[in-house]
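Report on one structure; see the data block that follows.
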Amino acid sequence: MFQLKTNHVCAIEDPRSKSFLPDLPPDPNTAERLLRYMKKFILVTERNPQSLEFFRSTAEIIAERKKQVQENTWIIHPFSTFRLYYEMWMAFVFFICLFYIPLYAAYRPVMINHETFDLILNLCCIVDIIITFRTGYPCTKKQEIVMKPSKIAKHYIQGIYFTADVLSSIPDIFSVNVRTNEIINYLAMFKILRSKTLLNYANRTFYFFKIHGLVYQTLKTIIVIFLLNHYFACVVIIDMLKAGNSLENKYYAMMSQVNAYMTAKNIPKLTQRRMREYYRYKYRQKYFKESRITKFLSENLRREINYHSCRKLVQGVKIFGNIPQKITEDILTHLKVEIYLTGDVIIQAGSQGDCMYFIESGTVKVSSPSGKEICHLEDGAFFGEIALVTVGQKRTANIVAIEICELYKLDRKSFKKCMEQNKELYKKIQQEAKTRLIQTQNIESSFKREVTGKFSVF
Numbered sequence: 001m002f003q004l005k006t007n008h009v010c011a012i013e014d015p016r017s018k019s020f021l022p023d024l025p026p027d028p029n030t031a032e033r034l035l036r037y038m039k040k041f042i043l044v045t046e047r048n049p050q051s052l053e054f055f056r057s058t059a060e061i062i063a064e065r066k067k068q069v070q071e072n073t074w075i076i077h078p079f080s081t082f083r084l085y086y087e088m089w090m091a092f093v094f095f096i097c098l099f100y101i102p103l104y105a106a107y108r109p110v111m112i113n114h115e116t117f118d119l120i121l122n123l124c125c126i127v128d129i130i131i132t133f134r135t136g137y138p139c140t141k142k143q144e145i146v147m148k149p150s151k152i153a154k155h156y157i158q159g160i161y162f163t164a165d166v167l168s169s170i171p172d173i174f175s176v177n178v179r180t181n182e183i184i185n186y187l188a189m190f191k192i193l194r195s196k197t198l199l200n201y202a203n204r205t206f207y208f209f210k211i212h213g214l215v216y217q218t219l220k221t222i223i224v225i226f227l228l229n230h231y232f233a234c235v236v237i238i239d240m241l242k243a244g245n246s247l248e249n250k251y252y253a254m255m256s257q258v259n260a261y262m263t264a265k266n267i268p269k270l271t272q273r274r275m276r277e278y279y280r281y282k283y284r285q286k287y288f289k290e291s292r293i294t295k296f297l298s299e300n301l302r303r304e305i306n307y308h309s310c311r312k313l314v315q316g317v318k319i320f321g322n323i324p325q326k327i328t329e330d331i332l333t334h335l336k337v338e339i340y341l342t343g344d345v346i347i348q349a350g351s352q353g354d355c356m357y358f359i360e361s362g363t364v365k366v367s368s369p370s371g372k373e374i375c376h377l378e379d380g381a382f383f384g385e386i387a388l389v390t391v392g393q394k395r396t397a398n399i400v401a402i403e404i405c406e407l408y409k410l411d412r413k414s415f416k417k418c419m420e421q422n423k424e425l426y427k428k429i430q431q432e433a434k435t436r437l438i439q440t441q442n443i444e445s446s447f448k449r450e451v452t453g454k455f456s457v458f
C-alpha cells in the first residue's frame, strides 16, 4: 500500500519560475544584472491577471514566455509584470488628465503657475505613446499575442487612440502666439477619449488587489459619477463665463495673451508674477479702454469725471483743502495715474527731479541717501516736490513702495503751469518742501556722525 505524505516538498523545479533567459556569466557586473532583471520584467507572467484570462493553462503561459525569449526583442509583453504596474500608474495619470483638462478649459484665464504641471502631464502621455509602440497586443480572433514591431505600430496608428494621444499631448512650450496656445488647449480635450482606457486599467488594478463584488462596483461607480459631474460642472462654468460680464471676459482674454506673451519671451517667473499682480490691481478683473470711452466727451464732462474719480485724492491731500473746485479740477486734468508694486523704487536719491507724486492709496518708505529710514507716507500724502520748488536741487531721498501703490504724477511742465495760477497752493508746497529738506538733511547728518563714531572706535 502507498502511504500518503501531507508534508511533501517537491524536488522538481517549478516551471513557472523559469525565465528561459540565458544564464549570467560567473562574475556578472551591475549592468548585466540590471539588463537581465529588466528583461524578466517585460516577460509574460502568471502574476498578471490578464494572462490567466487569456491563456487556458499555465503550460500555455510558459510556452508564450519561451517564445518571447527566443524572439530576443525588447518588446514588452501586454501580460508582463512591467505592464501590470505600468497600467496602475497610467490609471492614476489618466484620472488626473481627465480631471485637470476640463478644469483648465473652464478656469484657464485665471490659472497661474500651471506650466510645470502641464509639462509633466504631457511628458507622461508622450512616454505612454512610446511605450505603446513597444508593447504587444492580444489578437482575440487568432488567440495569440502580436509582438512584431511593424504590426504593433500599424495596429496603434490605425486605431482611434493614436491621433487623440498625439494631439492631446502637445506641450504649451510649442505655442508661438496666443492663437496657437488656444489651439493646443482645445486639442488637449481629445484626452477624454481615454476614459474607457482609464476604466479598463482601474478594473485590472482592482482585480490584482482582489477587490471584487460590491466594493468593486461601488468604486467603479464613484469614479464614473465623479468624472461625469466634473465634466458637467466645467461645461456650466464655461457657459456662465461666456454669458457673464463681457468686461470680465475681456480681462481674462487679455490675461491669456499676457501669459502667452511672457512664455514666448522667456520672462523670469518672478517678473511674470509681478506683471500679473500689476494687471490684477490695475483692472480689478474688468478690462476697458478708457481713452475710447472718454474720446467723444466734452472738455467739461471730462474734467467733471476726472474730479469725481479722484475725489478720494482730493479729500485726502491736505493742501487741496481750501482751494476752489475749479482750480482743483484744473490740477487733476494734468495728473497721470501710475501703479508701483511692492519693492519698486519710485525715486532715487541724487537723481534729477522732473515730477512730484500724490498718493491715492498705498504706503511708501522714505529714506535718506545713506539708507537711514525717515518715515512712511500713506494715502493723501505727496512727495517729490523738493526738486521742483528748489532751483538746482536734486532728489534728496529714496522713495520705495512697501505695498502696491496707486500714485498720481504731476510733471514739471504741468506743475509750473498749475502753480502760476495758484500762488497759495505753491506757497503750501514750498513750505512743506523746505521743512522736509531740513528734516532729511538733519537725519542724514546725524546718521553719518553715528556711523563715523562707530568706525572711529576701531
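Just so we're aligned, residue 1 is where the sequence shown starts under the UniProt record's numbering, counting upward by one. Ideal Cβ placement from N, Cα and C applies to all residues, glycine included. Because the structure is a prediction, the values reported are computed rather than measured.
Whose C-alpha, out of the options, is nearest the C-alpha of residue i?
{"i": "isoleucine 331", "options": "Gly343, Glu304, Ala397, Leu341", "result": "Glu304"}
{"i": "methionine 38", "options": "Ser367, Arg83, Arg56, Phe383", "result": "Arg83"}
{"i": "arginine 56", "options": "Gly159, Glu144, Phe232", "result": "Glu144"}
{"i": "glutamine 50", "options": "Arg204, Val146, Glu115, Gln439", "result": "Arg204"}
{"i": "glutamate 424", "options": "Tyr408, Cys310, Ala233, Pro324", "result": "Pro324"}
{"i": "phenylalanine 41", "options": "Asp172, Leu52, Thr135, Ala63", "result": "Thr135"}
{"i": "serine 370", "options": "Gly350, Asp379, His155", "result": "Gly350"}
{"i": "lysine 365", "options": "Pro22, Thr271, Ile399", "result": "Ile399"}
{"i": "phenylalanine 150", "options": "Thr73, Ala260, Arg33, Lys141", "result": "Note on identity: in this sequence residue 150 is serine, with phenylalanine being the wrong assignment. When each option's Cα is compared against that of serine 150, the closest is Thr73."}
{"i": "arginine 47", "options": "Gln70, His77, Tyr104", "result": "His77"}
{"i": "tyrosine 278", "options": "Glu444, Ile339, Asn266", "result": "Ile339"}
{"i": "lysine 326", "options": "Asn300, Asn200, Tyr100", "result": "Asn300"}
{"i": "alanine 59", "options": "Ala105, Thr45, Phe208, Phe209", "result": "Thr45"}
{"i": "aspartate 379", "options": "Thr333, Thr218, Val317", "result": "Val317"}
{"i": "methionine 88", "options": "Leu437, Leu270, Tyr283, Phe208", "result": "Phe208"}
If the criterion is Cβ atoms closer than 9 Å, does the pair residue i and residue j meet it?
{"i": "leucine 123", "j": "threonine 81", "result": "no"}
{"i": "glutamate 329", "j": "tyrosine 307", "result": "yes"}
{"i": "methionine 419", "j": "isoleucine 404", "result": "no"}
{"i": "glycine 353", "j": "alanine 401", "result": "no"}
{"i": "leucine 193", "j": "tyrosine 161", "result": "yes"}
{"i": "isoleucine 359", "j": "glutamate 432", "result": "no"}
{"i": "phenylalanine 94", "j": "lysine 191", "result": "yes"}
{"i": "asparagine 181", "j": "threonine 116", "result": "no"}
{"i": "valine 215", "j": "proline 102", "result": "no"}
{"i": "threonine 363", "j": "leucine 341", "result": "no"}
{"i": "lysine 196", "j": "phenylalanine 206", "result": "no"}
{"i": "glutamate 397", "j": "serine 367", "result": "For the sequence presented, residue 397 should be read as alanine rather than glutamate. In this structure, serine 367 lies closer than 9 Å to alanine 397 by Cβ."}
{"i": "isoleucine 347", "j": "threonine 440", "result": "no"}
{"i": "methionine 90", "j": "aspartate 128", "result": "yes"}
{"i": "leucine 98", "j": "leucine 227", "result": "yes"}
{"i": "lysine 250", "j": "valine 337", "result": "no"}
{"i": "cysteine 139", "j": "serine 169", "result": "no"}
{"i": "residue 460", "j": "isoleucine 443", "result": "The structure shown does not extend to residue 460, since the chain is modelled only from 1 through 458, so no value can be given for it."}
Terminal residues of the continuous alpha helix (DSSP H) containing residue i?
{"i": "lysine 416", "result": "412–421"}
{"i": "glutamate 32", "result": "30–41"}
{"i": "cysteine 125", "result": "115–133"}
{"i": "valine 317", "result": "Note, valine 317: premise wrong, no alpha helix (DSSP H); not H, not E."}
{"i": "phenylalanine 206", "result": "195–208"}
{"i": "proline 49", "result": "49–54"}
{"i": "threonine 163", "result": "161–167"}
{"i": "isoleucine 331", "result": "325–332"}
{"i": "arginine 274", "result": "269–283"}
{"i": "glutamine 70", "result": "58–71"}
What does DSSP give as the partner residues of residue i in its beta bridges?
{"i": "histidine 376", "result": "Lys365"}
{"i": "valine 187", "result": "Checking the sequence shown, residue 187 turns out to be leucine, not valine. Bridge partners of leucine 187: none, in fact."}
{"i": "cysteine 405", "result": "Tyr340"}
{"i": "residue 536", "result": "In the structure displayed, the chain extends from 1 to 458; residue 536 sits before or after that span and is not available."}
{"i": "valine 44", "result": "Ser80"}
{"i": "valine 400", "result": "Val345, Lys365"}
{"i": "isoleucine 145", "result": "Pro138"}
Beta strand (DSSP E) containing residue i: first to last residue?
{"i": "isoleucine 347", "result": "345–347"}
{"i": "proline 149", "result": "Taken as a continuous stretch (DSSP letters only), proline 149 belongs to no beta strand (DSSP E), being part of the alpha helix (DSSP H) at 149–158."}
{"i": "proline 138", "result": "137–139"}
Less than 8 Å between the CB of residue i and some heavy atom of the ligand NAD, yes or no?
{"i": "leucine 332", "result": "Among the components of this structure there are no ligands whatsoever, and the ligand NAD is therefore not found."}
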